[in-house]
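What follows is one structure encoded as structure tokens, with my remarks underneath.
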Amino acid sequence: MLMDTLTNALIPSAQAQTASTPAPASASLGLAHFWEQGDALTHGVAYLLLIMSLVSWYFIISKAWSAWQLRKSRAALAQFWAAPDLPQGLKALQAQDSEGVFSAMAERAMYAAKQTPGQTLAGQLGAQDEIVTRALRQQMTQTSAGLERGLTVLASVGSTSPFVGLFGTVWGIYHALLNIAGAGQVLMDRIAGPVGEALIMTAAGLAVAIPAVLAYNTFTRINRVTLAELDGFAHDLLALVTTGRKPGA
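Read left to right, the sequence shown gives residues 39 to 287 (the working numbering).
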């Protein structure tokens with residue numbers, strides 16, 4: 039009887055103590071709590087980082103696909119030079135060059151070679167060389183502009199998104215300090231929660247910036263190699279349309 043009485047007396051007190059024990063502070067922390075506590079400016083910074091991330095990943099995926107297609111174009115150059123004449127080589131190149139980087143150059147050279155004025159042989163040869171050179175230079179400029187499309191966006195996102203995230207962090211810490219000052223006492227859960235949630239903005243800014251910077255460096259190198267190959271291809275085309283000789287012939 040004594041044991042039953044003590045047990046019945048202790049169980050309600052233990053239940054009351056458990057009910058009065060506050061839940062851990064970490065249970066109320068998280069992204070959802072951070073979003074609820076944030077104001078319009080904090081939400082605006084988060085949306086801005088999301089838009090910057092989506093835009094950068096769009097260019098990353100599209101330019102990665104273009105870089106993959108350029109590998110096929112380089113493989114088709116051997117078929118172009120193995121063709122018996124320029125029109126057939128152009129057809130073989132167009133079948134593989136979906137990006138039109140090398141095929142557009144060959145097409146421009148073939149078209150420019152037909153636009154040769156002059157009466158004498160020397161005059162025709164000099165005019166042909168000048169017309170083809172100018173056409174190839176123009177095509178080189180257009181191709182270079184197409185290859186660099188999107189790189190400015192990646193560079194801008196990679197350089198500014200960490201500072202956008204840092205701005206959100208500073209603003210969040212400012213509001214956290216205001217809440218602490220208004221409470222009149224400094225408690226660890228009042229500091230760790232708001233400050234930790236504010237630091238999420240810094241992590242978000244870095245998560246947006248790192249892929250953009252890595253992609254910018256990668257695509258810049260790919261473009262540099264492609265333009266070097268295209269420059270050599272342009273010189274070989276100039277020799278082909280002006281002298282009729284293939285490289286190495």
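C-beta: ideal position from N, C-alpha, C; glycine also.
Residue i to residue j span [Cα, whole Å]
i: arginine 112; j: valine 93; result: 29 Å
i: alanine 277; j: threonine 190; result: 35 Å
i: glutamine 157; j: lysine 284; result: Unreliable placement is indicated for glutamine 157, whose pLDDT of 46 sits below 50; the coordinate value is still reported in the next sentence. Distance between the alpha carbons of glutamine 157 and lysine 284 is about 26 Å.
i: alanine 242; j: alanine 105; result: 28 Å
i: alanine 7; j: glycine 82; result: A question about residue 7 goes unanswered here, because the residues of the chain that appear run from 39 up to 287.
i: glycine 188; j: alanine 78; result: 30 Å
i: proline 200; j: threonine 240; result: 7 Å
i: aspartate 269; j: leucine 174; result: 9 Å
i: glutamine 134; j: glycine 206; result: 48 Å
i: aspartate 274; j: threonine 281; result: 10 Å
i: arginine 262; j: glutamate 186; result: 10 Å
i: threonine 171; j: arginine 109; result: 26 Å
i: leucine 252; j: leucine 215; result: 36 Å
i: alanine 63; j: isoleucine 211; result: With a pLDDT of 45 at alanine 63, under the threshold of 50, the modelled position of that residue is not reliable, and no figure is offered here.
i: methionine 148; j: serine 197; result: 43 Å
i: threonine 179; j: alanine 236; result: 46 Å
i: glycine 95; j: phenylalanine 271; result: For the record, residue 95 in the displayed sequence is tryptophan; it is not glycine. Taking the straight line from one Cα to the other gives about 32 Å.
i: glutamine 176; j: isoleucine 99; result: 28 Å
i: histidine 213; j: alanine 84; result: 16 Å
i: threonine 264; j: leucine 86; result: 34 Å
i: glutamate 267; j: arginine 259; result: 13 Å
i: alanine 61; j: alanine 219; result: Low per-residue confidence applies at alanine 61: pLDDT is 44, beneath 50, and the placement is therefore not dependable, though the value from the model is reported in the following sentence. So the alpha carbons of these two residues sit roughly 23 Å apart.
i: glutamine 132; j: glutamine 126; result: 10 Å
Given residue i as reference, the closest of the options once Cα atoms are compared
i: alanine 245; options: Met148, Leu215, Asp167 and Val202; result: Val202
i: glutamate 145; options: Lys152, Leu128 and Ser197; result: Leu128
i: isoleucine 238; options: Pro125, Glu267 and Val208; result: Val208
i: alanine 130; options: Phe118, Val139 and Thr181; result: Phe118
i: glycine 295; options: Ala133, Leu252 and Phe257; result: No information on residue 295 is available, as it lies outside the stretch 39 to 287 that the chain covers here.
i: alanine 116; options: Ser141, Ile248 and Ala250; result: Ser141
i: serine 182; options: Arg109, Glu137 and Ile89; result: Glu137
i: methionine 90; options: Tyr254, Ala250 and Val279; result: Ala250
i: isoleucine 169; options: Ala272, Ala150 and Gln176; result: Ala150
i: isoleucine 248; options: Ala102, Gln132, Leu192 and Asp167; result: Leu192
i: leucine 297; options: Val195, Ser100, Leu265 and Gln132; result: With the chain covering 39 to 287 only, the question about residue 297 has no answer from this structure.
i: valine 279; options: Leu124, Gln132 and Leu265; result: Leu124
Residue i at chain B interface by Cβ criterion, 8 Å
i: phenylalanine 140; result: Looking at the structure shown, chain B is missing, and only one protein chain is on hand.
Can you give, in chain order, each stretch of the alpha helix (DSSP H) that sits fully within the stretch 110 to 152 and has at least 4 residues? 124 to 134 and 139 to 152
Runs of beta strand (DSSP E) lying entirely within the stretch 193 to 222, each at least 3 residues, in chain order: none
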